[in-house]
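Protein chains in written order, with my numbering: chain X, -6 to 39; chain V, 2 to 287.
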């Protein structure tokens, strides 16, 4: 990719928005897994 | 952006959403197996404990049941023995029952006889009652007679007492009179007095025996007359010989019997030189 000036930064398109949505989905999934491990007390193996 | 970048962005989006979905599903649908395992372990321990308790209880029940079984076995043996004994006793009682039935028949016969005997005794008792009634009446009469006799006896006792008193008084008077007569040299013997006041009846008799006392010179004669002819002590008889007609002497009677009498010859009135002998006559007529 070629360098761009701050003034000439491309305008966010739909794919950037999709990436933000993907990031939110990853964070939500991580939160679910953390909460799941919390129920086991963070003890993975007997 | 290239087409590949776009595809990768799309793929990245899809996988992120899938990851979020799976994580959310795991979180919402998951089950805490550790808690379940702990719970099941505790339940298992409790069940094991309960099983042990029940096993101990079963063992205890088994021991008690065995003891009860032994006791029941012993009881069965005892009851069997008692049954045998009772069977023997039943046999003996049957024999006794038969014997008692025989005795009962005998007693019935005896009862019938006793009833007949009782009837006869009742009749006899009725007769005896009639006799008793007569005897009672006779007894009442005898009691009345006895009371009358008692009254008579009392009156006679009273009369006897009066007579005894009178007798004592008369004896005292007689003793006084005898002393008075003795002081006057008079006869005090009532028989002699009777002979003096009552003359002998006219009689003729014989001398039955004659004896002379060699020491005192008293002469005793026995004559053939007695009290049956009216002679008493003190009477004097004249002795004489009927052949020669001589007077022999006077005889004063000292003992008189019904058919004979004994007397002594009065010395002062005896004739001289005569002998009185058996066969001489005596008389009161002189």
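A virtual CB, placed ideally from N, CA and C, is assigned to each residue, including glycine.
Since this is a predicted model, take the numbers as computed values, not measurements.
With fewer than 16 other CB atoms across the displayed protein chains lying within 10 angstroms of its CB, residue 33/X is exposed. Within the stretch 174 to 235 of chain V, the runs of beta strand (DSSP E) that reach at least 3 residues and sit entirely inside it are, in chain order, 205 to 213, 220 to 224. Put simply, the CB of residue 24/V is near chain X, with a gap under 8 Å to one of its CB atoms.
Excluding the 5 residues flanking it on each side, residue 251/V has same chain C-beta neighbours closer than 7 Å at 237, 239, 267, 270, in chain order.
Residue pairing from DSSP places residue 264/V in a beta bridge opposite 222/V, 254/V. Contact between the stretch 163 to 175 of chain V and the stretch 208 to 216 of chain V is absent, with fewer than three C-beta pairs closer than 8 Å. Contact check between the stretch 22 to 31 of chain V and the stretch 18 to 32 of chain X: three or more CB pairs, one atom from each, fall below 8 Å, which counts as touching.
Spatial neighbours of residue 192/V in its own chain (CB-CB distance under 7 Å, excluding positions within 5 residues in sequence) are listed in chain order as 233, 234, 235. Within the stretch 0 to 27 of chain X, the residues whose Cβ lies closer than 7 Å to some Cβ of chain V are 8, 11, 12, 14, 15, 18, 19, 21, 22, 25, 26, listed in chain order. For the pair residue 254/V and residue 277/V, the CB atoms are not nearer than the 8 Å cut-off. Separation of residue 43/V and residue 65/V (C-alpha to C-alpha, rounded to the nearest whole angstrom) is 32 Å. The shortest C-alpha to C-alpha distance from residue 202/V to any of 187/V, 231/V, 226/V, 74/V is the one to 231/V. Remark: C-beta atoms of residue 2/X and residue 13/V do not approach each other more closely than 8 Å. Judged by DSSP in its simplified three-state form, residue 48/V adopts helix. With a beta-carbon spacing of about 5 Å, residue 259/V and residue 229/V fall inside the 8 Å limit used to define contacts. For residue 31/V, the neighbours in chain X by C-beta distance under 8 Å run, in chain order, 29, 32.
Note that the C-beta distance between residue 19/X and residue 17/V is below 8 Å.
DSSP places residue 283/V in the uninterrupted beta strand (DSSP E) bounded by 282 to 284.
A distance of 8 Å or more separates the beta carbons of residue 165/V and residue 221/V.
By the neighbour-count definition (other C-beta atoms within 10 Å, threshold 16), residue 127/V is an exposed residue.
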